[in-house]
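Protein chains: 2
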Amino acid sequence: MTEERIVTAALLVIGDEILSGRTKDQNIGFIAEHLTNIGIRLKEVRVVPDIEDDIADAVNALRRRYTYVFTTGGIGPTHDDITADSIGKAFSARVGVDPRAEKILRDYYAEKGLELTGARLRMARIPEGAELVDNPVSAAPGFRLENVIVMAGIPSIMQAMLAAVTPSLATGSKLLSLAISIDRAESEIAAAFSAHQKLYPDVTMGSYPFMRDGRYAVELVLRCADQARLDEAAATLKRALGV
Amino acid sequence: MTEERIVTAALLVIGDEILSGRTKDQNIGFIAEHLTNIGIRLKEVRVVPDIEDDIADAVNALRRRYTYVFTTGGIGPTHDDITADSIGKAFSARVGVDPRAEKILRDYYAEKGLELTGARLRMARIPEGAELVDNPVSAAPGFRLENVIVMAGIPSIMQAMLAAVTPSLATGSKLLSLAISIDRAESEIAAAFSAHQKLYPDVTMGSYPFMRDGRYAVELVLRCADQARLDEAAATLKRALGV
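If you read the sequences in order, they're chains B and S.
Position one of the first sequence corresponds to residue 538 (our numbering), numbered consecutively onward.
Position one of the second sequence corresponds to residue 538 (our numbering), numbered consecutively onward.
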């Protein structure tokens with residue numbers, strides 16, 4: 538049996554607009570699915586307001602607990618974009634215009650015949666010691682400082698940054714999953730399902746009720762890093778439930 | 538000038554299925570919008586796995602910091618539904634079958650000609666000292682213990698529980714908001730926008746870029762509890778930007 542290597546992550550969503558309900562988050566689900574697929578287990582998500590101390594406190598709590606912390610939002614050119622400063626505060630790192638980021642922005646705007654204004658240059662402010670994360674969509678880079686990866690909030694840009702940073706991430710054993718969907722109320726299968734969980738303590742079994750055509754249905758999800766074990770648990774569960 | 542009363546809340550989403558990306562959360566945005574509309578300010582959201590200690594720790598961190606804590610998920614009949622026990626742990630409260638909840642479930646299943654099995658009775662397990670939260674959709678109640686309000690994860694049931702509990706909530710001054718949508722890149726309006734924020738320190742101004750027909754656009758959102766002040770800040774901002 539090979540040793541199982543577990544790599545974990547947290548996601549910190551920075552955004553008053555999510556907390557007010559004005560903008561509906563589109564990043565949590567995408568990042569969760571991506572990390573699961575590459576073998577990183579997302580263990581916690583937090584959404585915090587655009588307040589420097591709140592962001593810094595959350596970053597410090599999460600970066601000590603998980604292999605990686607991903608953040609989204611707050612790296613644009615306006616006064617409410619305070620993620621770089623907040624990360625700097627969390628790490629006690631100086632934040633200033635990064636020459637590499639400045640060059641990227643200067644080239645990008647020069648090609649468009651636009652000036653690199655003070656507001657645009659604000660997007661080159663990066664904490665000291667950070668590596669840049671490539672932004673193939675709109676140039677202004679994200680960055681990585683130790684285990685904290687800072688990305689944009691606009692979904693298309695966030696996704697491009699996540700793709701750019703992915704090859705450099707350590708990954709562990711993938712948590713494989715398998716779903717069995719049943720047109721019965723959850724309470725009808727609960728006893729047999731719980732008994733089955735006891736038989737397979739190494740397979741995490743979750744039950745997720747939903748409505749289908751106005752009737753209750755349930756999706757039983759089994760998770761395990763070992764494919765053979767997962768298949769066996771699913772097969773015996775199906776027999777136990779007669780499906 | 539009347540004194541401003543601020544009521545705050547946090548939301549704790551309990552769910553392995555959200556963290557794995559298999560289920561996309563539909564509750565955060567709904568709850569955020571609802572709370573904003575009734576004058577409660579959502580200040581933080583956390584998503585945690587189905588682990589008793591993680592849930593209890595998050596509940597304890599949040600309930601001391603905010604007026605209310607809302608939770609979603611984990612109150613069904615299966616073994617992975619551990620929210621009641623986790624809240625009991627957070628409050629050091631005994632968790633057992635609540636006679637009021639048992640009666641609700643007994644009546645509900647009797648009317649359907651179904652038996653109140655052990656699995657179904659599990660949904661009557663409520664921490665001591667809690668009040669029940671009505672579930673007009675599928676009977677099994679949520680509950681409220683001090684400032685923590687525990688709701689189902691299925692969106693239709695969560696929404697019914699939130700409606701049921703709303704009349705009993707203290708509410709404060711509503712944070713009013715006003716949005717100005719502009720077909721320009723964020724970096725073009727950043728300097729004028731930041732200067733405007735300095736003129737109105739009591740109006741929170743956020744800038745949210747997005748793509749419209751393949752081009753960058755930006756939504757400027759102004760927030761303030763005072764309608765007249767909000768209108769004035771928006772009018773002068775429009776003039777400053779020539780829109």
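For each residue, glycine too, the CB sits at the ideal point set by N, CA and C.
All values reported here derive from a predicted model rather than from experimental measurement.
CB contact check: residue i to chain S, cutoff 7 angstroms
i, result
"B/Y605", "no"
"B/H733", "no"
"B/K649", "no"
"B/R583", "yes"
"B/K711", "no"
"B/A772", "no"
Residue from the options with nearest C-alpha to residue i
i, options, result
"S/H616", "B/Y603, B/A777, B/A728, B/A771", "B/A728"
"S/I555", "B/G552, B/E554, B/S557, B/D562", "B/D562"
"B/D618", "B/I543, B/G751, B/A656, B/V606", "B/A656"
"B/T654", "S/E756, S/N574, S/E725", "S/E725"
"B/R600", "B/V685, B/G633, B/A621", "B/V685"
"S/Y645", "S/L778, S/D591, S/L658", "S/L658"
"B/T604", "B/P738, B/L713, B/K640, B/L548", "B/L548"
"S/G743", "S/A627, S/G576, S/V758", "S/V758"
"S/D671", "S/I575, S/A700, S/L682", "S/A700"
"B/L778", "B/A676, B/T560, B/S718", "B/S718"
"S/L736", "S/G666, S/T620, S/R766, S/I543", "S/R766"
"S/D553", "B/L774, B/Q764, B/T741, B/A771", "B/T741"
"S/L651", "B/A722, B/I568, B/G566", "B/A722"
"S/M695", "S/T708, S/F680, S/L706", "S/F680"
"S/G576", "S/K711, S/I565, S/A677", "S/K711"
"B/G751", "S/E683, S/D720, S/V674, S/F747", "S/V674"
"S/A621", "S/L669, S/T703, S/R578, S/K775", "S/L669"
"B/A667", "B/I568, B/L579, B/E570, B/A638", "B/A638"
"B/M748", "S/E683, S/V702, S/I691", "S/I691"
"B/E762", "B/P586, B/D739, B/V596", "As written in the sequence, residue 762 of chain B is Ala, which differs from the Glu given in the question. Comparing Cα-Cα distances from B/A762 to each of B/P586, B/D739, B/V596, the minimum goes to B/D739."
"S/V582", "S/V550, S/T545, S/D768", "S/V550"
"B/L713", "B/P614, B/G566, B/D768, B/G610", "B/D768"
"B/G611", "B/M698, B/N574, B/K640, B/M660", "B/M660"
Collapsed DSSP secondary structure at residue i in the structure displayed
i, result
"B/L774", "helix"
"B/L713", "strand"
"B/K561", "coil"
"S/S744", "strand"
"B/R578", "strand"
"S/L757", "strand"
"B/T703", "helix"
"B/A593", "helix"
"S/A722", "coil"
"B/A727", "helix"
"B/I568", "helix"
"B/T573", "helix"
"B/R542", "coil"
"S/R583", "strand"
"S/R602", "coil"
"S/I555", "helix"
Neighbouring residues, chain S, relative to residue i (Cβ below 7 angstroms)
i, result
"B/A656", "S724, A727, A728"
"B/P586", "K580"
"B/G558", "G566, A569, E570, T573"
"B/T615", "E723, A727, F730, S731, S744"
Residue-chain proximity (residue i, chain B), Cβ-Cβ < 7 angstroms
i, result
"S/G566", "yes"
"S/E541", "no"
"S/L759", "no"
"S/G743", "yes"
"S/V544", "no"
"S/E639", "no"
"S/K561", "yes"
"S/L778", "no"
"S/M695", "no"
8 angstroms Cβ cut-off: residues of chain S touching residue i
i, result
"B/F533", "Here chain B comprises residues numbered 538 to 780, so residue 533 of chain B is not present and cannot be evaluated."
"B/S705", "Result: empty, since nearest Cβ-Cβ is about 21 angstroms, beyond 8 angstroms."
"B/S714", "S557, R559"
Partners in chain B for residue i, counting only beta-carbon separations shorter than 7 angstroms
i, result
"S/E554", "G743, Y745, V758"
Residue i Cβ short of 6 angstroms to the ligand NAD heavy atom set
i, result
"S/V674", "The ligand NAD is not part of this structure, which contains no ligands at all."
Within-7 angstroms CB hit, residue i to chain A
i, result
"S/V687", "No chain A appears in this structure, whose protein chains are B and S."
Task: Secondary structure, alpha helix (DSSP H): runs of 4+ residues fully inside the stretch 606 to 691 of chain S - done: Complete alpha helix (DSSP H) runs here, min 4: 620 to 628, 636 to 648, 655 to 658.
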